[in-house]
Amino acid sequence: MFDIKNITMIYDMEKTEKIYALGGFNLTLPDTGLIGIIGPSGSGKSTLMYCLSTLKKPTDGEILYNGKDLTKLRDTERENLRRKEFGFVFQRHFLVPYMTAVDNVTVAAAGGGGATDRAKALLAAFELIEREFGKRPAKLSGGQRQRTAIARAMINEPRVLFADEPTAALDHENAFSVMDILKD
Ligand code: ADP
Ligand code: MG
């Protein structure tokens with residue numbers, strides 16, 4: 004699905020001391036499955052994922068997604084792709100603090116009816132109980148917040164779910180439950 008061809012990412016281009024986050028990187032990813040990227044801090048994992056998901060544009064190289072070069076898309080095409088085919092989970096949950104769990108999930112729905120019901124079904128599948136659906140993030144546990152964030156990322160049934168250190172802010176038990184959900 005992804006064919007990464009010779010991508011380079013240079014930060015601080017305008018400064019004398021440039022940062023090469025990715026240097027001529029090549030990789031072909033399989034069409035299905037769970038793919039993990041490991042490496043030391045600062046080795047470019049987040050940069051790679053941001054480039055794959057079109058949140059950042061590499062300085063050089065091509066990223067083919069189903070044969071289309073993501074680096075050449077127009078803004079509207081990129082936005083559509085992100086909204087309809089990609090989902091995102093980050094280390095921090097980035098939930099809207101004044102919205103309930105279920106509204107935080109529903110708000111990301113790209114259209115079509117029944118978003119609230121789908122949001123509730125996802126939250127239930129991720130082991131939040133009915134009583135928690137109406138709570139704001141501050142009233143949920145860290146694990147529940149992250150599972151809500153995954154439900155939000157899943158609401159449009161993305162073909163690709165990107166997760167950047169999704170368990171880093173969780174304790175052991177919650178980290179395992181979040182990984183189980185992602186594997187499913
Ligand atoms: P990882 O996720 O593996 O820890 P990153 O992709 O976050 O690595 O970072 C790779 C390199 O790029 C690091 O040296 C980091 O300091 C640098 N970097 C990341 N983001 C930026 C940015 N927005 N501006 C400048 N340098 C950055
Ligand atoms: Mg990172």
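For the sequence shown, counting from 1, position 87 maps to 90 in my numbering; every step adds exactly one. The beta carbon of each residue, even a glycine, is placed where N, CA and C say it ideally should be.
Next item on the list: Please report the residue range of the alpha helix (DSSP H) in which Asp-183 lies.
Entry: 175 to 186
Checklist line | Contiguous beta strand (DSSP E) assignments of at least 3 residues, all confined to the stretch 40 to 73 | finding: 63 to 68
Check: Any heavy atom of the ligand ADP closer than 7 angstroms to the Cβ of Ile-66?
Finding: no
Margin query: Using a Cβ distance threshold of 8 angstroms, determine whether the stretch 89 to 98 contacts the stretch 164 to 181, with at least three qualifying pairs required.
Written below: yes
Checklist line | From Glu-135, Val-105, Met-182, Lys-59, residue whose alpha carbon lies closest to that of Arg-155 | finding: Val-105
Item checked: Burial state of Arg-121, where buried means 16 or more other Cβ atoms lie within 10 Å -> buried
Check: Contact between the stretch 24 to 34 and the stretch 50 to 62: three or more CB pairs below 8 angstroms?
Finding: yes
Next item on the list: Compute the distance between the beta-carbons of Leu-55 and Ile-38, then report whether it is under 8 angstroms.
Entry: no
Next item on the list: Kindly confirm or deny that the stretch 6 to 19 and the stretch 45 to 54 touch, where touching means at least three C-beta pairs closer than 8 angstroms.
Entry: yes
Margin query: Bridge partners for Arg-92 per DSSP, in chain order?
Written below: The question names Arg, but residue 92 in the sequence shown is Val. BP columns for Val-92 point to Ala-166.
Checklist line | Selection from Thr-19, Arg-86, Glu-176, Ile-10 that minimises the alpha carbon distance to Met-157 | finding: Arg-86
Margin query: Given this structure, state the Cα-to-Cα distance separating Ala-128 from Met-4, to the nearest angstrom.
Written below: 27 angstroms
Margin query: If you follow the alpha helix (DSSP H) that Ile-10 is in, where does it begin and where does it stop?
Written below: It is not in any alpha helix (DSSP H) - Ile-10 instead sits in the beta strand (DSSP E) that spans 5 to 14.
Item checked: Pairwise C-alpha distance: Pro-100 and Ala-124 -> 21 angstroms
Check: Can you tell me where the alpha helix (DSSP H) with Asn-107 in it begins and where it stops?
Finding: 104 to 109
Next item on the list: Could you check the C-alpha separation between Thr-109 and Phe-179 for me, to the nearest Å?
Entry: 25 angstroms
Next item on the list: Consult DSSP for Ile-226 and reduce its assignment to one of helix, strand or coil.
Entry: The requested residue 226 is not part of the displayed model; the chain covers only 4 to 187.
Check: Just how far apart, CA to CA, sit Phe-136 and Gly-116?
Finding: 19 angstroms
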